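J.: Take this structure, written in structure tokens, and hold onto it; I'll ask about it next.
Protein chains in written order, with our numbering: chain A, 1 to 120; chain B, 1001 to 1151.
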């Protein structure tokens, strides 16, 4: 978005057709434990306009080390080939108008985050 | 989108804005010119590498697929708005005054976007295809309502 957006300008955008795009399961590690991360479905298009959302499932501690499995489901967005999760924004520390670095004051639950293009 | 903050708050959420600016002075000037924006909800990525933008996968204007043809609407500026824009665009540009330019500054090429978060989930994501090709604010509120339910 540009500064024009801040003035309330609006743009309509053609949306692509709904597609189904499962991704391959991947193996991640957390605290040395193997975790399976798999995507189950997507619902829109590419990184131009509304982005594809994918539901992922992470199964931590499922490799028989005695701990109970903890399955975490999260919906991530696929943008320019990268899978982006909410934590990418929840942990941001940025410059505030007083010139200090501040962690974004998100509610931690219900948040809208708008990236403007630039100020000018 | 700023004028939708009250709708978002009614749903139990809130909104933050992120932009690109190398200095707090430019951010303050921007807020002076846009008094409808809540000062405590606007932040700037002042890193030289645009980390906040890269963290969410947004690209540069130079990366845009030439086949992308978003429908654009004019910004709906009044004459006064246009004057304000033209007389301040250079002062607000994301260029570090101490930096020697050898080409277009990357800050002016960064593209933005919009997210609705619901806990650990991203409930809605939009990447601007071109400057100004942002989502309809009503669509963002609708996505938030669908994700969060009515408060």
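In this text, a Cβ means the ideal position worked out from N, Cα and C, and glycines have one as well. In this text, all values refer to a predicted model and were calculated from it rather than measured experimentally.
Rounded to a whole number of angstroms, what is the C-alpha to C-alpha distance between residue 1035 of chain B and residue 1023 of chain B?
T.: Going by the C-alpha atoms only, they are around 19 Å apart.
J.: Once DSSP output is grouped into helix, strand and coil, what is the label at residue 77 of chain A?
T.: Of the three classes helix, strand and coil, the one that applies to residue 77 of chain A here is strand, per DSSP.
J.: DSSP puts residue 1126 of chain B in a beta bridge; with which residues?
T.: Residue 1126 of chain B is bridged to A:50, B:1114.
J.: Report yes if the CB atom of residue 110 of chain A is closer than 8 Å to the CB atom of residue 1057 of chain B, and no otherwise.
T.: No.
J.: Using a 10 Å radius around the Cβ and a threshold of 16 neighbouring Cβ atoms, would you call residue 98 of chain A buried or exposed?
T.: By the neighbour-count rule (16 or more Cβ atoms within 10 Å), residue 98 of chain A is not buried but exposed.
J.: Let me confirm a value: residue 89 of chain A is counted as buried when at least 16 other C-beta atoms fall within 10 Å, else exposed. Which label applies?
T.: It counts as buried.
J.: Kindly indicate if chain A contains any beta-carbon less than 8 Å away from that of residue 1190 of chain B.
T.: Outside the shown range of chain B, which is 1001 to 1151, sits residue 1190 of chain B, and nothing can be said about it.
J.: What's the call for residue 1051 of chain B, buried or exposed, on a 16-neighbour Cβ count within 10 Å?
T.: Burial call: exposed.
J.: Using the C-alpha atoms, what's the distance from residue 1148 of chain B back to residue 1142 of chain B?
T.: Taking the straight line from one Cα to the other gives about 10 Å.
J.: Taking Cβ-Cβ distances below 8 Å as the criterion, which residues of the stretch 1042-1066 of chain B are in contact with chain A?
T.: Answer set for the stretch 1042-1066 of chain B: 1042, 1043, 1044, 1045, 1046, 1052, 1053, 1055, 1056, 1057, 1058, 1059, 1063, 1064, 1065.
J.: Closer than 8 Å, CB to CB, is residue 110 of chain A near chain D or not?
T.: Within the model displayed, chain D is absent; protein chains A and B are what it includes.
J.: Any beta carbon of chain A sitting closer than 8 Å to that of residue 1126 of chain B?
T.: Cβ-Cβ to chain A under 8 Å: yes for residue 1126 of chain B.
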